[in-house]
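Novice:
2 protein chains.
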Amino acid sequence: MGLSKTEIFTDQQNEIARFAKAFGHPARVAILQHLFKIETCVCGDLVNEIGLAQPTISQHLKELKNLGLIQGSIEGTRVCYCIDPKNWIKMKRIMSEFLDQDISIKEECC
Amino acid sequence: MGLSKTEIFTDQQNEIARFAKAFGHPARVAILQHLFKIETCVCGDLVNEIGLAQPTISQHLKELKNLGLIQGSIEGTRVCYCIDPKNWIKMKRIMSEFLDQDISIKEECC
DNA sequence: CGCATTCATCGTAATATTGCAATGAAGTAT
DNA sequence: ATACTTCATTGCAATATTACGATGAATGCG
Chain A
1 MGLSKTEIFT DQQNEIARFA KAFGHPARVA ILQHLFKIET CVCGDLVNEI
51 GLAQPTISQH LKELKNLGLI QGSIEGTRVC YCIDPKNWIK MKRIMSEFLD
101 QDISIKEECC
Chain B
1 MGLSKTEIFT DQQNEIARFA KAFGHPARVA ILQHLFKIET CVCGDLVNEI
51 GLAQPTISQH LKELKNLGLI QGSIEGTRVC YCIDPKNWIK MKRIMSEFLD
101 QDISIKEECC
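Which chain is which? The protein sequence lines are A and B, in order. Heads up, the first sequence is in the working numbering, so the first residue is 1 and it goes up one at a time. Heads up, the second sequence is in the working numbering, so the first residue is 1 and it goes up one at a time.
(1) With a threshold of 7 Å on Cβ separation, who are the neighbours of Phe98 of chain B within its own chain once the five nearest residues in sequence on each side are excluded?
(2) Around the C-beta of Gln13 of chain A, are 16 or more other C-beta atoms found within 10 angstroms, so that it is buried, or is it exposed?
(3) Using a beta-carbon distance below 8 Å, is Ala53 of chain B in contact with chain A?
(4) Note down the Cα distance separating Ala53 of chain B from Lys92 of chain A, rounded to an integer number of angstroms.
(5) Just to confirm before moving on: does the CB-CB distance between Asp102 of chain A and Phe36 of chain B stay below 8 Å?
(6) Terminal residues of the continuous alpha helix (DSSP H) containing Ser58 of chain B?
(7) Whose C-beta lies closer than 7 Å to the C-beta of Asn48 of chain B among residues of the same chain, with five residues either side of it excluded?
(8) Answer with yes or no whether the minimum CB distance from Ile8 of chain B to chain A is below 8 Å.
(9) Looking at the secondary structure, which residues open and close the alpha helix (DSSP H) in which Ser96 of chain A lies?
(10) Check the C-beta distance from Pro26 of chain B over to Ser4 of chain A and give it rounded, since I have them as a contact under 8 Å.
(11) To the nearest angstrom, how far is the alpha carbon of Gln71 of chain B from that of Glu63 of chain B?
(12) Just curious, the beta strand (DSSP E) that Ile31 of chain A is in, first and last residue?
Take a look at the structure:
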């Protein structure tokens, strides 16, 4: 089927999965890391930085943008992308809630 | 192609993507949440808990097991799964390194 | 205007993922 | 031994993802 049955899961579970899926490709991880590293928006040279073709990068950027993790603004012929700090924080809160659920765990049981 | 070009990315980026992909499906999120909630291993009733067919659950469990996040031990006809706390902590460290890279960010730039 | 640059979109091919019915393997029970 | 239970594996169909060439849209430059 290739189609997740999202309707049988909670909104929270689906949201975690959606964010996680965004990080589920090394190119998107690399794009985000680069955006953080340069500490400002990146205009253009993302294709050189990551080693993929321009349409492929554009597609990955689109996915990150749809999730709200980055934002792009047109600057002449170039488009400048940068992290959306507000949504990044929001995403971190949601992911932390999931990742930190191990506080109560004691030890291995089996 | 449907095939990630992992060879052009760093080991760290690929590892983050591999873990993230594991969380990229709500069923696997739900399975892990359930394993944490009951605070012990779960024997059997995972199929009832999540609303998917038995082979589907089995497949998701296999993926989580391959990543080392859970471990299963045979107990008669049943198989008991539980979180692997050691690897869970290791995973958290790797993911946190990625998620917490925003410490230096100041404000929106574009 | 004509041309180059930059990025998005479209179309397509290859591979991956998801889901389940059918079947298999391994133990338990009667 | 036969039947039952539980879970894994196989096989398959449907959909998703990844990647890129070709093309289009928008801007800047001569």
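From the three backbone atoms N, C-alpha and C, an ideal C-beta is built for every residue, glycine too. None of the values given here were measured: they were computed from a predicted structure.
Specialist: This is what the structure holds:
(1) Ile16.
(2) Looking at its Cβ environment, which holds 16 or more other Cβ atoms inside 10 Å, Gln13 of chain A is buried.
(3) Taking a beta-carbon distance threshold of 8 Å, Ala53 of chain B does not count as an interface residue toward chain A.
(4) Distance between the alpha carbons of Ala53 of chain B and Lys92 of chain A: 32 Å.
(5) Taking 8 Å as the Cβ cut-off, Asp102 of chain A and Phe36 of chain B qualify as a contacting pair.
(6) Counting along the chain, the alpha helix (DSSP H) containing Ser58 of chain B begins and ends at 54-66.
(7) So the list is empty, once near-sequence residues are dropped.
(8) True, the Cβ-Cβ gap to chain A drops below 8 Å.
(9) For Ser96 of chain A, the enclosing alpha helix (DSSP H) starts and ends at 85-99.
(10) The C-beta distance from Pro26 of chain B to Ser4 of chain A rounds to 6 Å, short enough to meet the 8 Å contact threshold.
(11) Answer to the nearest angstrom: the Cα atoms are 11 Å apart.
(12) According to the DSSP assignment, Ile31 of chain A belongs to no beta strand (DSSP E) but to the alpha helix (DSSP H) extending over 26-37.
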